[in-house]
Each structure stands twice: as structure tokens, then as C-alpha cells.
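See structure below.
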Amino acid sequence: MNRRVKTFAILGAILVLAASLRVFTFYLPHNHGDQIFYLGLAMKLEKFGLKGYNLQGIDVLSNEYFVAVTPSENSTKGNLLEGLEKENIFYYSQEPLSKMPPAFSYLLMMSHKIFSREKLFVAVDKNLGPDVVFVRPQIFLKTQFYAVWISFAFSILFIYVTFLLGKLFFNEKVGLWASFLIAISPVDLLTSQRIWTDDMLAFFIALCVLLFWYGRIKNNALFTFLSGVSVGIATITKGSGIFIMIIIVLFNILTLGKNSAAIRGTFRHVFIFIAASIATAALWYYRVAMIYGTPFPLSGYQKDIEKVSAWFSMLNERSRFCHFYYFVCLTPFFIFFYIEAIQTILRKAVTKEKMFLLLWFLFFTIILVKIRAKEERYMLPAYPAIAILSAVAIEDVRRTLRSVIANKFLCAMVIVCISLACTAWSIYIGLRHVFNNAAIFNL
1 MNRRVKTFAI LGAILVLAAS LRVFTFYLPH NHGDQIFYLG LAMKLEKFGL
51 KGYNLQGIDV LSNEYFVAVT PSENSTKGNL LEGLEKENIF YYSQEPLSKM
101 PPAFSYLLMM SHKIFSREKL FVAVDKNLGP DVVFVRPQIF LKTQFYAVWI
151 SFAFSILFIY VTFLLGKLFF NEKVGLWASF LIAISPVDLL TSQRIWTDDM
201 LAFFIALCVL LFWYGRIKNN ALFTFLSGVS VGIATITKGS GIFIMIIIVL
251 FNILTLGKNS AAIRGTFRHV FIFIAASIAT AALWYYRVAM IYGTPFPLSG
301 YQKDIEKVSA WFSMLNERSR FCHFYYFVCL TPFFIFFYIE AIQTILRKAV
351 TKEKMFLLLW FLFFTIILVK IRAKEERYML PAYPAIAILS AVAIEDVRRT
401 LRSVIANKFL CAMVIVCISL ACTAWSIYIG LRHVFNNAAI FNL
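Numbering of the sequence shown is given in our numbering, commencing with residue 1 and proceeding in unit increments.
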């Protein structure tokens with residue numbers, strides 16, 4: 001079989017596997033937390049524009065099967081904020097403009113206009129659990145399709161871009177392994193089946209890196225410009241999108257070299273990159289600065305909120321350094337990330353590609369440790385770095401096994417058995433929490 005056809009077939013199989021593991025989102029409940037907030041914000045955008053972009057004046061209505069967000073007669077409160085205040089959460093009530101960047105909300109609003117025009121912003125409230133695999137009520141699909149296809153689609157695109165990154169940085173085999181590891185990742189299995197920004201953010205961050213690398217290799221300003229646009233969109237999807245801009249600029253400074261022509265070329269691409277990203281995100285952050293006095297205001301979380309909120313109390317019990325090991329607990333394959341990182345440092349074989357991937361991982365992890373953001377999904381934008389370096393080590397181990405075990409069939413069986421065990425663990429953990437309507441993992 002032609003190598004290109006073989007690669008295409010394997011990648012197609014990985015994407016089909018990923019889609020089949022995520023298709024339950026169309027029938028599962030999306031009835032709490034940030035999901036309701038994003039439905040409410042999209043509803044406010046549709047009815048009042050950006051001037052009404054906050055959680056004030058929203059009522060949440062529900063019955064046995066569905067939950068809907070509607071404008072409240074009480075324009076300053078609504079039962080959404082009243083319910084939060086009963087849980088001693090007041091900072092959303094104090095926001096004249098929501099601090100949640102609007103890209104995802106705009107996309108959700110436009111999708112509602114296309115697929116559910118003249119209908120309420122509704123999501124499923126009934127949890128059928130694992131039974132949904134066989135039942136799949138069509139009314140559930142029709143009711144919330146407009147809201148749930150977004151994360152589903154960005155997840156598949158995220159997996160594909162991870163393949164392209166692995167291929168660009170190393171080779172096709174590394175790209176295929178990396179895309180497979182994202183496809184079975186419990187974190188992405190969860191985020192892709194929630195009305196959350198995480199997969200949209202992760203996709204645009206990965207796309208930004210891919211386009212910037214192409215731009216530098218080909219010395220193509222258009223790719224660099226599009227990379228800046230991508231990171232700009234990431235930043236107005238979630239504030240942490242700015243991290244990848246800092247990583248790329250820092251990496252280019254660390255690898256400047258001494259050739260004057262190369263230095264000028266680097267500064268040219270970095271300038272285009274930063275200018276495009278600022279131009280894309282400037283309007284939103286200017287509006288935020290006019291209201292809060294700074295384009296990046298603090299979240300407004302109340303001091304000692306973990307003492308009054310069970311949710312934040314549970315998060316507070318987690319280790320501050322959880323992001324250094326949670327991803328391995330959830331996806332055992334990711335232990336190879338540390339194996340490759342240690343080998344790279346000990347052998348002093350730090351190529352530009354490996355240096356960038358390590359910087360990508362470390363920057364995200366250290367920032368999350370610093371700000372004490374302990375939900376597993378916050379690490380998703382760094383998963384391409386973890387998956388690609390894991391894939392490099394996996395390929396090395398696979399080649400070593402083939403040289404050590406003379407019998408090709410026995411070697412293949414060893415690899416298959418280990419792979420199936422790790423894959424089964426990850427899928428089980430992911431789907432169990434998806435069907436339990438969880439927001440974080442119980443580790």
C-alpha cells in the first residue's frame with residue numbers, strides 16, 4: 001500500500017474513533033455550570049448585543065427533560081444570579097460586562113440563529129447515563145444540536161491539527177501517534193461533550209503554532225499573519241490564549257542566533273505575528289479596559305470562597321502541583337512524555353522542536369500552578385506538546401522492541417496488548433465521567 005494512502009487510512013480511522021467516542025454529546029445533558037452561563041451569554045448577545053453581555057437578568061427554566069435560559073422580568077438579577085448568590089457566589093452579579101471573552105458566545109449565538117431560529121436557548125436536562133448509547137432520543141438531538149456541535153467539531157479539528165504538528169516537527173508516525181493520544185484522552189472526551197470553550201481554545205492555539213512554524217520554515221509572511229489571527233481568536237475565546245503568544249515570542253528570543261539576516265527575519269515574523277494578534281483581539285480588550293481599568297482584570301473570585309462553596313472547597317483540596325501528574329493518571333501513555341523529556345535533557349539532544357514543546361508544556365503548567373487553576377481541562381491547550389513528545393518516545397520504544405524481540409508476531413502482540421490496556425483505561429475513565437455528567441475527574 002502506498003505510504004500516503006496508508007497514513008490517510010490510519011488518520012481517518014483515528015478521526016472516526018474520536019467521533020464515535022464523542023457523539024454522545026448530542027444526547028447527553030448540558031445543564032449546569034459554565035454551560036448554562038454560555039447559553040445565557042449567547043442569548044443576551046442575540047437580544048441585546050455586546051452592551052448586554054453579562055449574566056444579569058437571566059431566568060433558568062427547567063422541566064424533567066430540558067433546561068432553557070430566557071430574559072427575566074427582573075433585569076438586574078434573574079433566578080440564575082439569585083441561585084448563585086444562595087451558594088455564596090457574588091462576583092458574577094458585580095460584572096456589568098462578563099469577563100468571559102465573547103468568541104465562543106458569538107459562535108453559539110450564530111449557530112442558534114441558523115439551527116434553532118425563533119426557539120429558546122435550550123439544552124437537555126435529563127441524564128440517561130450509559131443508556132444513551134442505545135437510546136439516543138431524536139428530540140434530544142434536535143433540541144440542542146445548535147449548541148453541542150461546536151465543541152464536537154473543534155475536538156476533531158484539534159486532533160487533526162495535532163497530527164499535522166507531529167508530522168511537521170518530526171514525521172508522520174509521530175503525528176499519527178500524537179493524534180491517537182488526543183483522540184482517547186479523557187480530558188478531551190469530557191471537554192468535547194460539554195458546552196465549553198476548551199476545544200475551541202485548544203484548536204486555535206495548536207493552529208497558531210502550526211501556522212507560525214510554517215511561516216518561519218517557508219519565510220512566508222501570510223502564514224505568520226494567519227498565525228497571529230489564530231492566537232487573537234484564541235485570546236478572545238479564553239484569556240489563557242495569550243499564553244501561546246508569550247511562548248512563541250520567548251522561544252524566538254531564545255533561539256535568535258548570531259546571523260544578522262536571520263535576526264532581522266525573526267523580528268519581522270514576530271512583529272507581524274504580534275500585530276495580527278493584537279488587531280484581532282484589541283476591540284474586546286479595549287472595551288474591557290474601559291470598564292475595569294485593565295484589559296486583563298482579575299476574575300473577581302471572592303476571598304476564601306472555598307469555605308462557603310463545596311465546589312471550590314473540593315478544588316482547593318487538590319495539590320497545587322496536580323497538573324504535573326494528572327495527565328499521566330488519566331492517559332498512561334503520557335508517561336512517555338517524561339521519559340522523552342528526561343532523555344532529551346540527559347543526552348543534550350535539545351532540538352528546536354523539542355525545546356519549543358518543552359517550553360509549551362512548562363509555561364502552561366507553571367502558570368496554572370501559580371494561579372492555582374486546578375481543573376484538568378485547563379491543561380488541554382498544552383496537550384499537543386505532551387502528545388507529540390510522548391509519541392516520539394513511543395516510536396523509540398516500538399523500534400527497540402522490534403530489535404530485541406526477534407519474533408515479529410510476538411513483538412506485535414506485546415505492543416498491541418500494552419496499547420489496548422492503556423487505551424481501554426483512558427476511554428473508560430473518560431466516558432465514565434461523561435455519562436456521570438461530571439465537570440472534573442474524581443482521581
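A virtual CB, placed ideally from N, CA and C, is assigned to each residue, including glycine.
Got a sec? Which residues, its chain only, sit under 8 angstroms from residue i by beta carbon, not counting five neighbours each side?
i	result
F154	S192, D199, M200, A202 and F203
T162	G175, A178, S179, I182, A206, Y383, P384, A387 and I388
L222	G215
S105	Y38, L41, A42, L45 and Y53
T224	L211, F212, G215, R216, H269, I272, F273 and A276
S151	T25, T191, S192, Q193, R194, I195, W196, D198, D199 and M200
R318	K374
Rounded to the nearest angstrom, how far is the Cβ of residue i from that of residue j, given a contact under 8 angstroms?
i	j	result
S488	F337	The structure shown has nothing for residue 488, since the chain only spans 1 to 443.
V67	D125	4 angstroms
I427	V174	Contact flag wrong, Cβ pair sits at about 22 angstroms.
I291	P96	6 angstroms
M109	E46	5 angstroms
F37	L61	Not confirmed; about 16 angstroms, so no contact.
N437	N127	5 angstroms
A281	I339	About 37 angstroms; that fails the 8 angstroms criterion.
I263	L256	6 angstroms
L15	I156	6 angstroms
Compute the Euclidean distance between the alpha carbons of residue i and residue j, then round it to the nearest angstrom.
i	j	result
L84	F312	13 angstroms
V249	L141	43 angstroms
P186	S260	46 angstroms
A103	K113	16 angstroms
I58	E87	17 angstroms
A341	G49	47 angstroms
W149	F24	11 angstroms
N252	K258	13 angstroms
L443	R287	40 angstroms
F363	R117	42 angstroms
I195	Y146	11 angstroms
N219	G241	24 angstroms
L189	Y27	15 angstroms
T70	I247	41 angstroms
H323	I10	31 angstroms
S98	V135	38 angstroms
L164	K370	31 angstroms
I415	T7	19 angstroms
N455	R398	Past the boundaries of the shown model lies residue 455; the chain is included only from 1 to 443, so the question cannot be answered.
H30	S111	16 angstroms
Y285	H32	28 angstroms
I89	V5	54 angstroms
A13	L21	12 angstroms
L330	N171	26 angstroms
G239	T423	32 angstroms
T266	I405	47 angstroms
F378	F243	Note on residue identity: the sequence assigns Tyr, not Phe, to residue 378. If I take the Cα positions, the gap works out to 12 angstroms.
W320	P332	Correcting the residue identity first, residue 320 is Arg in this sequence and not Trp. If you take the alpha carbons of R320 and P332, they lie about 21 angstroms apart.
L431	G293	43 angstroms
Residues in its own chain within less than 6 angstroms of residue i by CB, not counting five upstream and five downstream?
i	result
I440	E375
I159	A18, S179, I182 and A183
Q144	A123 and V124
K354	T344
I366	none
S403	none
F296	none
Enumerate in chain order the residues of its own chain whose CB-to-CB distance from residue i is below 7 angstroms, with the five nearest sequence positions on each side excluded.
i	result
S227	C208, L211, F212, G215 and F273
F435	G129 and P130
V328	F334 and I335
Y326	E376 and L443
G52	K44
G78	Q56, G57, I58, D59 and S72
L401	C411, V414 and I415
L81	L55, Q56, Y92 and S93
P137	Y27
A349	none
F115	F145 and Y146
Taking 8 angstroms as the CB-CB cut-off, is residue i touching chain B?
i	result
Y292	Within the model displayed, chain B is absent; a lone protein chain is all it includes.
Are three or more beta carbon pairs between the stretch 108-127 and the stretch 36-45 nearer than 8 angstroms?
yes
Is the stretch 230-245 touching the stretch 203-211, taking contact as three or more C-beta pairs under 8 angstroms?
yes
Restricting to runs no shorter than 4 residues, where is the alpha helix (DSSP H) found entirely within the stretch 303-363?
310-316, 326-330 and 335-346
Considering only residues of the stretch 206-235, which uninterrupted alpha helix (DSSP H) runs meet the minimum length of 4 residues and lie entirely inside it, listed in chain order?
You should have 221-235.
Could you tell me which whole alpha helix (DSSP H) segments of length 4 or greater appear in the stretch 92-175?
103-115, 132-135 and 138-169
Does the stretch 403-411 come close enough to the stretch 355-363 to have 3 or more Cβ pairs within less than 8 angstroms?
no
Of all the beta strand (DSSP E) runs that stay within the bounds of the stretch 8-68, which reach a length of 3 or more residues?
58-62
Unbroken stretches of the alpha helix (DSSP H), 4 residues or longer, contained in the stretch 367-424:
Counting only runs of 4 or more, we get 383-404.
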